[in-house]
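Enquirer: One structure follows; several queries about it will come next.
In our numbering, the protein residues as written are 47 to 493.
In C-alpha cells form, the structure reads like this:
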C-alpha cells in the first residue's frame, strides 16, 4: 500500500499592501454611492511627530533646576508688535478655533470656563461669537474667516484679539463642511443660512487675492478696533516659510501655523490624508522665516496640530514656537470619545476614539452636536473643570522638562536641547540624530 504524499503547509493569506481592507472598503463605498467620504477628526495616517524627538536633560554640562524651590516661568505675551492692548496668558497652551455649529453651546461654554480658570484664551471658530463663549472666556480670540459667517464689527470690538484665517492644517487650500443636521435654527440665524441645509465654507477670502490685499485687510481691522487688538494670521502648513514671511510682512502680530495633524469639523477624507505637511515639518521653516526678517519673538508663533502632552508643548517651544493651540485634545478633555459611551458609539457604527461621526451631529457626549437632548448631557461646569485640569497638567509637564534642561522659563528651551530618533524627524526638526552630530541635509554636520 503506497503512502500518501506529504501535505505542503499552506501559506496564510496576506492582504495586499496597496489594496488593504480599508482601501478596498473605500473603493466599494465610492462605487456604491458615487460621492466622496466626508469626516472630521484630522489625519489618521502615521506621520513623523513629536514622539520622534527626545530632550537632553541636564547632568554635567547643564545644571538642572530644583522643582520645589526654583521657579520656571510659563507666561507669554501675544501681540505687542502693533496692538496697544496685547494679551498676556499664564500658560503657552491656548484653545484653537472650533465653531458653534461644529460644537454645541454647552461645549463652547465649557471651553471658556476651562481656559479662563488657568489664564489662557479660547477662539471662536467659524460662525461667529456666542454669548456662552464670550460670557465665560476671559480672553477670547475672534476668527475672521473666508465664509464671513456671523461676522460683524461689534463682535470684533468685543473680542480680545482677531485671527484672520487663511487656512487650516487639515485642509490648506480647501473649505470645510457643516452638514445640514447641525444647521439648527440658531446656527442658521447666526450664519444667515437656510436651516437644515448642508453648508460648505469658502476656501479663500472674497475680497483679496494675495498678501498685498491681506495687508489692506489687516489695516481695516486695526481701524475698526482702534489699533487695540492683536491681529493673528492663521495658515495651514504647506509652504510655511513663505506663508509665514508674507503674513509677517502684511502686518500680523502673531502667526498661527496649523500642521497636518490638526483636526477639522469636516471635509473630504482624501483632502485630510493627502494635503499639507506634518506639524513637525513646519515649525523650523516658520521660525526661519521670522528669523530671516529679524522678527522672531517680535512676531509670535503659535503652533497647532496634534498637541497632546506637556512634552509636545515643550518640544514645540524648543523648536521656536511661542505658544501652542489645542483642539481635539481639548474636546477629549471635555468628555468626548469617552469609553463609557462605547455602546452608543457602536450604534453609530463607530467606536470611542475613531472620530468618524463627529460631523454627523449625533455625538452622545453632547459636544459635537446641535441636538438639544444630546447637548444637554454635557455639564459645562464639570467639563470646564476637566479641561482646566488637563491644561494645568500640560503646563506642569512642560515646566518639568524645562527645569530638567536647566531652564528658568519654558521659552528658554532651544533646539540644542533636542535630538531625533529617526532620520526623517532629524531632517524636519533640524536637530541631530540621537548619538550623532548629524542633521540630514545640513552641511557641516557629521554622522
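The beta-carbon is built from N, C-alpha and C at its ideal position, and this holds for glycine as well.
1) Measure the CB-CB distance between residue 539 and residue 187 and report whether it falls below 8 Å.
2) Look at the alpha carbon of residue 190 and the alpha carbon of residue 59, and state the distance between them as a whole number of angstroms.
3) Nearest-angstrom Cα distance between residue 77 and residue 381?
4) Between which two residues does the beta strand (DSSP E) carrying residue 302 extend?
5) Using only CA atoms, which one of 432, 221, 424, 179 lies nearest to residue 313?
6) If you draw a straight line from the C-alpha of residue 409 to the C-alpha of residue 216, how long is it?
7) Output the boundary residues of the beta strand (DSSP E) element that contains residue 438.
8) Might you give, ordered along the chain, the residues of its own chain that have their beta carbon closer than 8 Å to the beta carbon of residue 273, omitting 5 neighbours on each side?
9) Which residues in the same chain have their Cβ closer than 6 Å to the Cβ of residue 423, if we skip the five residues on either side of it in sequence?
10) Taking its Cβ as the centre, do 16 or more other Cβ atoms sit within 10 Å of residue 278, making it buried, or is it exposed?
11) Where do the ends of the alpha helix (DSSP H) carrying residue 470 lie?
12) DSSP three-state label for residue 422, please.
13) At 3 residues or longer, what runs of the beta strand (DSSP E) sit wholly inside the stretch 79-128?
14) Roughly how many whole angstroms lie between the Cα atoms of residue 366 and residue 73?
15) Please return the same chain residues whose Cβ sits closer than 8 Å to the Cβ of residue 120, not counting the five positions on each side in sequence.
16) To the nearest angstrom, report how far apart residue 362 and residue 56 are at their CA atoms.
17) In whole angstroms, what separates the C-alpha of residue 114 from that of residue 372?
18) Check for me: the alpha helix (DSSP H) holding residue 231 runs from which residue to which?
19) Assign residue 134 to one of three DSSP states: helix, strand, or coil.
20) So, for residue 323: in the same chain, excluding its five sequence neighbours on each side, which residues have a beta-carbon less than 8 Å away from its beta-carbon?
21) Say whether the stretch 147-159 touches the stretch 426-438, bearing in mind that this needs 3 or more beta-carbon pairs closer than 8 Å, one atom from each stretch.
22) Is DSSP giving residue 359 helix, strand or coil here?
23) Under the rule that 16 or more other beta-carbon atoms within 10 Å means buried, what is residue 489, buried or exposed?
24) Determine the burial state of residue 436: buried for a count of at least 16 other Cβ atoms within 10 Å of its Cβ, exposed for fewer.
25) Can you tell me the Cα-Cα spacing of residue 106 and residue 452, whole angstroms?
26) Between residue 293 and residue 229, what straight-line distance do the alpha-carbon atoms span, to the nearest angstrom?
27) Excluding the 5 residues flanking residue 174 on each side, which residues of the same chain have their C-beta closer than 6 Å to its C-beta?
28) Between which two residues does the alpha helix (DSSP H) harbouring residue 319 extend?
29) Can you tell me whether residue 203 is helix, strand or coil according to DSSP?
Expert: The short version:
1) In the structure as shown, the chain begins at 47 and stops at 493. Residue 539 is therefore absent and cannot be evaluated.
2) Cα-Cα distance, rounded: 53 Å.
3) 36 Å
4) 300-304
5) 221
6) 21 Å
7) Element bounds for residue 438: not the beta strand (DSSP E) but the alpha helix (DSSP H), 426-450.
8) 128, 129, 130
9) 412
10) When all chains shown are included, residue 278 counts as buried.
11) 469-475
12) coil
13) Runs found: 99-101, 122-124.
14) 42 Å
15) 136, 137, 138, 441, 444, 445, 455, 456
16) Cα-Cα distance, rounded: 50 Å.
17) About 28 Å.
18) 231-237
19) strand
20) 283, 284, 286, 305, 306
21) yes
22) It is helical.
23) That one is exposed.
24) buried
25) Cα to Cα, residue 106 sits roughly 11 Å from residue 452.
26) Cα to Cα, residue 293 sits roughly 33 Å from residue 229.
27) For residue 174, where only same-chain residues beyond five positions count, the Cβ hits under 6 Å are 196, 236.
28) 315-320
29) helix
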